[in-house]
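Encoded as structure tokens, the structure appears first; notes follow it.
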Amino acid sequence: MTGRPALILHGGAGARRERDYTLEIAHMGEVVATMKARLDAGASALDVAVETTVLLEDSGLYVAGRGASPNLAGAYELDASLMDGATRKAGAVAALQGFRNPVVAARAVMDRTPHVMLAGEGAALFALDQGLERIGDETAWFTQAGQGEDNHPPGTLAHGTVGCCVLDQDGRLAAATSTAGVFGKMPGRVGDTPIPGAGSWADGRVAVSGTGQGEYFIRVAACVQVSWRVGAGQTLAEAGRAVIDEIGGMGGDGGLIALDRDGNIAAPFNSQGMKRAWLTRDGEIGVEVFGR
């Protein structure tokens, strides 16, 4: 028996009110419409999670994939993870250099290795062995999309991420998250994005993707905590807000998107804005940056 699919994506919680997000709003809406067609045709939640994230990575509009900024040593280190709620399988890469789509590398880790995460040189060697698409001229490829949002004081953690949560016709959930990490990060820094439970999570109850200052998301196990709270009886909205409030209470900022098996959607954040778009089970598409 099939049901109606749903989806929510984010383009990062670093939105600033002084910036114009016309391009991002249009793009996110187009991505959701494209993925609606895929879901209506019976595509799996996991495939759509990867495909959605690839479109966000390749756009150069967000701080992930092509939109990455370099670390303090001038290198582009990219992170991604994804999780299949039906099987609890997960794949991730951390500090990956030289390859176009870290979420595709993460899918390859899930499907073609016994591991969950590969990092650094090992991740790059694996991606090369798998024939994944490499980046030629980094100067021409990367857009450094998030520079206009980097108004955090020196020494603090500015940020940017993309991600999505998907519910397919068969009731399966999946989540994916991809990032270039915080601006001005130290070489080798790894945040929450490639860590299942912190930056992404999917099980039989919920799918969750985080965006914000990853160090805080790691410290509270942000994404899996949403699932635990739902399992304990909270609504999805209550669970998501409680996690973001906990992060805020520790001095961190960011947001998350979440989708449950009934198609309920939540998108709490404590930053100025969070770029996001969604497809409800009724087939309605929405896009928002600042309104809650």
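Residue numbers (the working numbering): 30 to 321. Just so you know, even glycine gets a beta-carbon here, dropped at the ideal spot from N, CA and C. This one's a predicted model, so the numbers in the text were calculated from it and none came from an experiment.
{"Query": "Counting only the same chain and skipping the five closest in sequence on each side, list residues whose C-beta sits under 7 Å from that of Q126.", "Result": "A104, Y105, E106, A153"}
{"Query": "Between the Cα of A66 and the Cα atoms of V235, I224, S256, G312, which residue gives the shortest distance?", "Result": "G312"}
{"Query": "Please classify H56 as buried or exposed, where buried requires at least 16 other C-beta atoms within 10 Å of its C-beta.", "Result": "buried"}
{"Query": "If you measure between the beta carbons of I37 and L265, is that distance less than 8 Å?", "Result": "no"}
{"Query": "Classify M215 as helix, strand or coil using the three-state DSSP reduction.", "Result": "coil"}
{"Query": "Using a Cβ-Cβ cut-off of 8 Å (strictly less than) and excluding sequence neighbours within five positions of V318, which residues of its own chain qualify?", "Result": "A44, Y50, E53, I54, G302, M303, K304, R305"}
{"Query": "What's the C-alpha gap between D87 and R129?", "Result": "8 Å"}
{"Query": "Under 8 Å, with one C-beta from each stretch per pair, do the stretch 276 to 285 and the stretch 238 to 248 reach the 3-pair mark?", "Result": "yes"}
{"Query": "In whole angstroms, what is the alpha-carbon distance linking G71 and L202?", "Result": "13 Å"}
{"Query": "So is E80 buried or exposed if we call it buried at 16+ other beta carbons inside 10 Å?", "Result": "buried"}
{"Query": "Go ahead and label L147 buried or exposed: buried means 16 or more other beta carbons lie within 10 angstroms of its beta carbon, across all protein chains shown.", "Result": "buried"}
{"Query": "Is the beta carbon of G269 within less than 7 Å of some heavy atom of the ligand MN?", "Result": "Absence of the ligand MN is noted for the structure shown, with no ligands found whatsoever."}
{"Query": "Counting C-beta neighbours from all protein chains within 10 Å, is the total for R141 16 or more, i.e. buried, or is it exposed?", "Result": "exposed"}
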